[in-house]
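S.K.:
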Amino acid sequence: MDQEKSPSCCCVLDASTYVGFWILKKLLSRGYSVHAAIRRNGESEIEETIREMEATEERLVVYDVDVLDYQSILVSIKTCNAVFCCLDSPEGYDEKEVDLEVRGAINVVEACGRTESIEKIVFSSSLTASIWRDNIGTQKDVDEKCWSDQDFCRSKKLWHALAKMLSEKAAWALAMDRRLNMVSINPGLIVGPSVAQHNPRPTMSYLKGAAQMYENGVLAYVDAKFLADVHIRAFEDVSACGRYFCFNQIVNTEEEALKLVQSLSPLIPMPPRYESVMQGSEVYEERLRNNKLSKLVEAGSGC
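Each step along the sequence shown adds one to the number in the UniProt record's numbering, with nothing skipped, and position 86 is 86.
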């Protein structure tokens with residue numbers, strides 16, 4: 001396709017996050033050379049796997065980075081054509097982590113602005129950056145134009161939402177100031193193989209306020225492999241721009257809620273009343289819209 005980039009060199013930062021790891025694997029399978037930038041958060045199973053992959057995969061180089069250390073970011077993205085920025089706190093989110101993620105996002109975008117080879121930043125954010133505010137239950141459509149309210153998030157201690165919203169806004173402001181080509185992907189709750197084992201605390205941070213999300217039609221989830229495809233498609237398609245809501249399913253019935261709980265076991269215990277077949281489930285109105293994503297996915301074969 002004339003819209004697609006030929007295989008080149010990409011940096012995934014942080015490659016040891018759950019979504020970062022799936023992007024890394026997908027890039028390698030598609031013939032890209034990859035710089036796997038790993039934050040110094042203590043060794044995890046995903047990090048161990050990536051280091052083992054480096055020993056056998058000639059197109060993979062691992063870099064240790066500290067997102068508060070600007071120089072370490074510059075080293076990891078040198079000669080790369082794209083940066084997939086996937087910042088996530090392995091310990092979950094609190095008020096302190098909000099500030100760290102914002103500062104990290106600013107450093108990553110600033111480093112991209114000073115690296116001549118970078119053609120595009122694909123910034124991994126979250127639906128939580130867009131769905132939290134007082135009047136969410138009165139809106140018919142919640143789409144890429146929407147943002148969570150900072151004061152509302154602080155008052156409800158929705159630290160995951162606050163971190164994702166503030167870091168994405170900071171990244172956009174700096175990218176526009178530096179005239180950088182950036183796209184953001186805003187996924188729902190990420191599910192996939194061994195997610196409860198490899199991504200427990202970020203998952204639970206996302207789910208704070210899950211009952212309210214569910215009742216207001218804005219609780220949604222996305223498969224990690226599909227999400228990785230979308231990130232790469234956003235890089236390859238030269239027409240991709242702005243923000244993209246990314247989810248496979250909106251959870252607005254008890255049946256869908258049960259499926260989600262089962263997929264996250266044992267993080268969330270199964271309520272006893274769900275052990276029998278459910279009948280007469282209440283259906284909540286869906287408010288999320290992802291028309292932009294549908295166009296991106298339909299435009300190419302990568303997703």
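We treat Cβ as the ideally placed atom computed from N, Cα and C, and that holds for glycine.
Along the beta strand (DSSP E) that carries residue 32, what are the first and last residues, could you check?
M.R.: That residue, residue 32, is in no beta strand (DSSP E); it is neither H nor E in DSSP.
S.K.: For residue 261, which three-state DSSP category applies?
M.R.: DSSP places residue 261 in helix when its eight states are reduced to three.
S.K.: Can you check which of these residues, 106, 244 and 268, is closest to residue 204 by C-alpha distance?
M.R.: Among 106, 244 and 268, the Cα nearest to that of residue 204 is on 268.
S.K.: What alpha helix (DSSP H) runs, 4 residues minimum, are completely inside the stretch 204-239?
M.R.: Whole alpha helix (DSSP H) segments, 4+ residues: 210-215 and 224-236.
S.K.: For residue 19 versus residue 227, is the C-beta distance shorter than 8 Å?
M.R.: Their beta carbons are under 8 Å apart, which means residue 19 touches residue 227 by this criterion.
S.K.: To the nearest angstrom, how far is the alpha carbon of residue 182 from that of residue 14?
M.R.: Taking the straight line joining both Cα atoms gives about 17 Å.
S.K.: Look at the alpha carbon of residue 197 and the alpha carbon of residue 45, and state the distance between them as a whole number of angstroms.
M.R.: Each residue's Cα considered, the two are about 9 Å apart.
S.K.: Could you tell me which uninterrupted beta strand (DSSP E) segments, each at least 3 residues in length, are contained entirely in the stretch 43-104, listed from first to last along the chain?
M.R.: You should have 60-65 and 82-85.
S.K.: From residue 119 to residue 283, what does the alpha carbon distance come to, in whole angstroms?
M.R.: Going from the Cα of residue 119 to the Cα of residue 283 covers about 44 Å.
S.K.: Apart from the five residues on each side of it in sequence, which residues of its chain come closer than 6 Å, Cβ to Cβ, to residue 164?
M.R.: The answer, listed in chain order, is 125, 126, 128 and 129.
S.K.: Are the CB atoms of residue 232 and residue 305 within a distance shorter than 8 Å?
M.R.: Residue 305 falls outside the range modelled here, since the chain spans only 1 to 303, and no answer is possible.
S.K.: Name the two residues that bound the continuous beta strand (DSSP E) containing residue 123.
M.R.: Its beta strand (DSSP E) spans residues 120-124.
S.K.: Among residues of its own chain, excluding the 5 on either side of residue 92, which ones have a beta-carbon nearer than 7 Å to its beta-carbon?
M.R.: 201, 202, 204 and 205, listed in sequence order.
S.K.: Evaluate residue 287 with the Cβ neighbour count: other Cβ atoms within 10 Å of its Cβ, from every protein chain shown; 16 or more gives buried, anything less gives exposed.
M.R.: Looking at its Cβ environment, which holds 16 or more other Cβ atoms inside 10 Å, residue 287 is buried.
S.K.: Secondary structure at residue 284, three-state DSSP: helix, strand or coil?
M.R.: Note: residue 284 maps to coil in three-state DSSP.
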